[in-house]
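Undergrad: Questions regarding the structure given below will be posed in turn.
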Amino acid sequence: LRSEQIWDPHGDHLGLRLSVERTDEAHRELILEFPFKEMPGGKTERPDVDREGLADAIRRAIDAGWKPKSRGRPFTFQV
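Structure (structure tokens):
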């Protein structure tokens with residue numbers, strides 16, 4: 003867990019953020035950002051993230067250009 007959902011200084015929502023990284027060699031961190039779940043009455047709820055959804059988000063991040071074996075700045079992917 004990188005951060006819970008929060009408000010950024012500009013008043014926008016920042017969703018739940020998870021950090022994904024390799025442990026066996028040089029890596030480039032992936033930050034998966036799951037959006038706020040809007041509820042009736044303006045309330046927000048934490049998004050449901052299960053293993054299958056997490057694996058799918060990682061595959062989509064790879065398709066979007068994340069290279070886990072590369073080095074560099076963290077790659078942020080909005081799910």
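In our numbering, the protein residues as written are 3 to 81.
Glycine included, C-beta positions come from ideal geometry on N, C-alpha and C.
Straight-line CA distance for serine 21 to phenylalanine 38?
TA: When rounded, the distance between both Cα atoms is 17 Å.
Undergrad: Please list, in chain order, all residues of the same chain as phenylalanine 36 whose beta carbon is under 7 Å from its beta carbon, the five residues on each side excluded.
TA: Around phenylalanine 36: Gly17, Leu18, Pro49, Val51 and Val81.
Undergrad: Does the beta-carbon of alanine 59 have 16 or more other beta-carbons within 10 angstroms, so that it is buried, or is it exposed?
TA: So alanine 59 counts as buried.
Undergrad: Taking Cβ to Cβ, would you say alanine 57 is nearer than 9 Å to leucine 32?
TA: No, the Cβ-Cβ distance between alanine 57 and leucine 32 is not below 9 Å.
Undergrad: DSSP three-state label for glutamate 27, please.
TA: Coil.
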